[in-house]
Amino acid sequence: MNAAKRVLSPSKVENLPAQGKRYKKQIDLDTQTPPQPQEQENYDFLLDDDEDFDVSALDAAVSANPRLELSGWQRCVVRHVERLPKTHDLLLELSGEEEEAGKAVCHLQAPWNQTPIQTGDLLSLQAHWQPTLAAYAINKEHGYCVIHPDLLISSTSVTGSLFCRRKAVLQDRFRGVDSANAVMIIGTLVHELLQTVLAQRLRRKPQIEDALQGMLHSAQLAQQLYAAQLSRAEIELQLHKFVEPIVAFIAQYLEGESPAVQLPETFAGRIEQIQDIEENLWVPQMGLKGKVDVSVRVRNKKHPIPLELKTGRASFSMEHKGQLLLYQLMHSALGQETRSGLLLYLREGIMREVREGRNEQRDLILLRNELAHYLTRDAQLPATGQESVSLSLPEQPGKLLQPFELPEPISHHSACGNCAYATLCCSFASTDPQLELSESHPLRRLMPQVLSHLGQPDNEYVLHWCGLLALEEQQARQSHQLRSLWTETPARRQQQGRAIHQLELPTGHKARFQDGRFEHKLVLSAQADKDFNLNLSGFELGEYVTVSCTSRLAIAAGYITRLETRSLCVQLERDLGQRYTDESFIVDKHESQSFASFNYTNLALLLEASEKSAELRSIVVARTPPKQHKVVPRIIGSKGGPMLRPLNKVQQLAALRALTTSTHLLIKGLPGTGKTQTLVAIVRLLHLMERSVLITAQTHSAVDNLLLRLLPHNLPMLRLGNSARIHPQLLAISEAELTSNCETVDQLTQVLHKPSIVGVTCLGAGHALFQQRHFDYCIVDEATQVLQPTVLRALSHCTRFILVGDPEQLPPLVRSREARQRGADETLFQRLDCEEATAVLTLQYRMNRSITRLANELTYGQALQCASKQVENARLQLELISNSNSAWVQRALQTHLEQAVLLLDTSDCSQRCLDYAAASKQLGQTGDSIEQHYGEDRIVPTTARSRRPPKYTNYCEAAIVMHLLHQLLAAGYDARRIGVIAPYRAQVELLRQLGKDLNGVEFNTVDQYQGRDKNLIIYSCTKTGSSTDSAERSREAEILEDQRRLTVAITRAKHKLILLGDVSCLQRYTPFQRLFKHIPDRCRLHLADGRMGFSWQTLLDELNHAKRGD
DNA sequence: GCTCTGCTAAGAGGA
Ligand SMILES: Nc1ncnc2c1ncn2[C@@H]1O[C@H](COP(=O)(O)OP(=O)(O)O)[C@@H](O)[C@H]1O
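In this note's numbering, the protein residues as written are 536 to 1645.
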């Protein structure tokens, strides 16, 4: 009863179910409070009534018709929208995110009534009760309505859009098209200097000069200068000019000395305390984020106020003031009511107070909504279904269907002419059927200039990919990774493996400052679950995370540098000790949006007027095939022998073509044909020719795989990228290691520019090094797993490129089903594949002749050939102890070459799996929890689920696998030569748990096995039974319908491949059906009770024993 | 939504 009473105590009123999901903090508004809803009074009555009330009656009362409270920030869902005829107000009927949380009606009056809102939209509102309407209202004077509140837009994007909305929208997507100039770098450094001075409480000029010197000679600055291609000398003088103004600022505002002249309008108060520096704000109430330069306490203000530093001309423009107004709103929404801010123009030594202003703040939020609208619009795509999907519009020649709507361009001759986004802006403008520019619009003059080098196919290629990327972005937004930070409790996030909560700083903790970052140790608190182990929390070393405390989201971000059972270390960009010593912290995984913008930016790169971009367009867009020089460089003839010798004829030919191609070469490496071997030779030969080589791939492991094979050859190599992701044996050539002693730009340049062979992931090719270094060759390994836009960056830094891969194996990961269906998984390899461009490696060193034959029949025609008799005839080396095994096991593990492929048919075992799960409680639970974790039905209650057959696990197959494995190991077969694969993660986890004592056997998904092999492979196909619902079947089928996955699965085994599954079920999937046609009866074994000593009961009993054994 | 890789950020200033 006590508990119930506490929940209802007035101070915890937000815990009332009637309030719905509210923001944690509320602000006190001067606005008139609405009358308490009727039900609320009932509670009071109940409360007064005392200890003995009935909680369920209370719940019933609440769900009757509670009113949703909108006078504080409230998330709500639009249930109905209507435009009122006379007033043109938008009338919204709202409910909480869960409908039972309550309802409310709100009028959006001018200027909010133009907001694009639809039924079903999620809004974040703060409204004003209007008795005359008997409803809430948001109007000119009161309230805010925020659309798409889970999209946090940065304050500078909002203020930036004051000048040109179109640019702001482009900038948000194509981040990084405009590179920072010297003035901006100086600006950044002056910020750092002032922040250092304030953090360290430096007061006197000599101290400040020392701080500047320290900064100028830091390794961190060298990195920044290297990236900006500036020398220390170039910036030193500029920075010095700011020392005097900083001294004056400190004297007046921190020391309280009167200035020589006090200009009118300047801030006359005093800063009493520096509260925070670079405070990070994420405010989902307003859909905004931002970083406050400095938060300061001043006299007569209850809460700290933001201070914004500018190093340019003192314009007092709305762009600058707007930043402060937004920070004020954000602080207020977080419960620190803030009505003022300080705008400091350091160069001119002027600081003014910027006070709150309803009109400006309202308009900024309206502007923010406008940006949110453009950034979340569903991509517009051509109808699919016809032969060729084209963006061209028959009625409007020259125009193309635009994937996303953009704001209209401003009309400003000089600004448009100098805008970094001009090409992009014009490319969209020139093809946009909706856009009508006036005769005198500056873009009309600009367009022919900035677009003269582009043809319509170029525009079309870029727009096509923009559309596909937009679909991926949409998908990412919907998967609500980010929003869970404010919509789910920390405990729930921890459960899902996304977060670790109940962390604290150890007493007396001091952050260690290193390389411009603060290393913190966080320890699980005494309240945390005693059995919780951080090593099993789903977090990894090197992972990028945010740190929140219970009252504030994302106060810092950084990398995990250490993980122990009960503690972890994170390198953050700020020191938590300053302000948050006694807080309880939550660490969350952070998936940034940077992939999307990396890809968009690469498309923009393709449109540039540079020679390199023209070359890329001619290859990538126009698909111009390469020319082959006939003459091999002399040095290869004289010294290339040792490098070519380890290659077979086909590999040698590919290598020589790589050296002599005019622009590019594709190497199609069928399974086991020695791709890496060939690449090693190519890199060594190129090195012999004194050519520089950039080695790249989508994944770290693929990059490292090649570098590791090159390591013994003592070539000059550098590996760029996050050290935590790099193979330990390559750390010696990692960027971090090689540059660890560099303190100057020259030293950095020395180290980074010397090695002629550089390895980096495709996304890592955004590294600053590539602004300065161009490479002769780019080698893209596993090129059939990289999205087209992703690979462009690396290619743009090299003269020639070689793509290596196998389009018959698994494609790149595309999350959006629609993007996939529209061809987002078509890689550059496929696009450029043609006879002139492609060398095929056909001699394989992996599979014996039976397995090779099957692979040819399913996928490779007759292309795949065994490289030698030895490969062709390699058999499983196994001697079973004959009498201790039943006949079916003997048969299944036959070593005869003609039995190298075996299909074990379980028939429909769905009911058996179900019965087994029900009977064996313990195992049933294991499977249940695995299905729950990896399967799709995350929200189905356990009781309902266990009555249905599991979809992604199969006990019967697991039992057979375990039995076979035990027999193999008992016969002395080397566990490390055995691989067990399955299409689903859930089945893999089940197998792993059951086989955890079988050391050495590798269990993994087919996807993860790409590129690997084993002597013996068992493929547990998992799917069984007959699914009646055809719609469901087609939706689920994608994994099994993909022939590329099946191709990978059957080409992993060297000596023996055991396919295990329900043949009649699998036959419904086209690739399996085709495969089975080529498996003769003598290679099939039907498993049924009593046949060849087979017994389900025995096998399933064994599972129980195995389980009990631990 | 089964398979599941990548990576710092918001703001540096100026029409
Ligand atoms: N030319 C060759 N001669 C002999 N063996 C080879 C040759 N090329 C490749 N192999 C064998 O094939 C195996 C796989 O080669 P690798 O280059 O790692 O293949 P991939 O990169 O295609 O997976 C190697 O272990 C090697 O023994």
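Note that the Cβ used here is the ideal one computed from N, Cα and C, for glycine as well.
Separation of residue j from residue i, as counted between CA atoms
{"i": "H752", "j": "L1059", "result": "38 Å"}
{"i": "P1485", "j": "D1450", "result": "11 Å"}
{"i": "A849", "j": "E727", "result": "20 Å"}
{"i": "T1208", "j": "R912", "result": "46 Å"}
{"i": "Q758", "j": "L1432", "result": "60 Å"}
{"i": "T1296", "j": "R890", "result": "48 Å"}
{"i": "G1077", "j": "S1102", "result": "15 Å"}
{"i": "L1273", "j": "L1525", "result": "43 Å"}
{"i": "R1033", "j": "F1120", "result": "14 Å"}
{"i": "N1539", "j": "I1230", "result": "27 Å"}
{"i": "S714", "j": "Y1079", "result": "24 Å"}
{"i": "Y1135", "j": "R739", "result": "48 Å"}
{"i": "L765", "j": "R903", "result": "35 Å"}
{"i": "I781", "j": "S692", "result": "28 Å"}
{"i": "L1327", "j": "S1442", "result": "48 Å"}
{"i": "S1630", "j": "D1624", "result": "5 Å"}
{"i": "E1317", "j": "A1271", "result": "25 Å"}
{"i": "K1065", "j": "T1100", "result": "11 Å"}
{"i": "L926", "j": "G1002", "result": "10 Å"}
{"i": "T1159", "j": "P929", "result": "27 Å"}
{"i": "T846", "j": "Q1212", "result": "55 Å"}
{"i": "L970", "j": "F1364", "result": "36 Å"}
{"i": "E1646", "j": "T1081", "result": "Here the chain comprises residues numbered 536 to 1645, so residue 1646 is not present and cannot be evaluated."}
{"i": "Q742", "j": "V778", "result": "10 Å"}
{"i": "F580", "j": "G631", "result": "Its pLDDT being 33, under 50, F580 is placed unreliably by the model, and the measurement read from it follows with that caveat. Their Cα atoms are separated by approximately 25 Å."}
Reduced DSSP category for residue i - H, G, I as helix; E, B as strand; rest coil
{"i": "I1067", "result": "In the sequence as presented, Ile is not what sits at residue 1067; that position holds Phe. In the structure shown, F1067 sits in coil (DSSP, three-state: anything other than H, G, I, E or B)."}
{"i": "A1034", "result": "strand"}
{"i": "L1221", "result": "helix"}
{"i": "Q1365", "result": "helix"}
{"i": "N1550", "result": "strand"}
{"i": "V640", "result": "strand"}
{"i": "E1492", "result": "helix"}
{"i": "L1087", "result": "Per the sequence presented here, residue 1087 reads as Arg, with Leu not at that position. R1087: strand per DSSP, three-state reduction."}
{"i": "C960", "result": "helix"}
{"i": "K556", "result": "Low confidence applies to K556: its pLDDT is 33, below 50, so where it sits in the model is not reliable enough to give any reading."}
Residues that DSSP places opposite residue i in a beta bridge
{"i": "M1252", "result": "I1292"}
{"i": "Y1079", "result": "Y1094"}
{"i": "N815", "result": "K826"}
{"i": "H1621", "result": "D1440"}
{"i": "H1055", "result": "V1105"}
{"i": "D1123", "result": "A1034, T1081"}
Exposed unless 16 or more other CB atoms sit within 10 angstroms - verdict on residue i
{"i": "I1170", "result": "exposed"}
{"i": "C1369", "result": "exposed"}
{"i": "V1598", "result": "buried"}
{"i": "L605", "result": "buried"}
{"i": "L619", "result": "exposed"}
{"i": "R602", "result": "buried"}
{"i": "S1385", "result": "buried"}
{"i": "I721", "result": "buried"}
{"i": "Q1037", "result": "buried"}
{"i": "G607", "result": "buried"}
{"i": "A918", "result": "exposed"}
{"i": "N1383", "result": "buried"}
{"i": "F802", "result": "buried"}
{"i": "Q1632", "result": "exposed"}
{"i": "A669", "result": "exposed"}
Proximity test, residue i beta-carbon vs ligand 3 heavy atom, cut-off 7 Å
{"i": "T691", "result": "Looking at this structure, you won't find ligand 3 anywhere; what it does contain is ligand 1."}
Closer than 7 Å is what we want: which residues have a beta carbon that near any heavy atom of ligand 1? List them in chain order. Those residues, listed in chain order, are P1181, L1182, N1183, Q1186, G1204, G1207, T1208, G1209, K1210, T1211, Q1212, T1213, Y1380, R1381, A1402, G1546.
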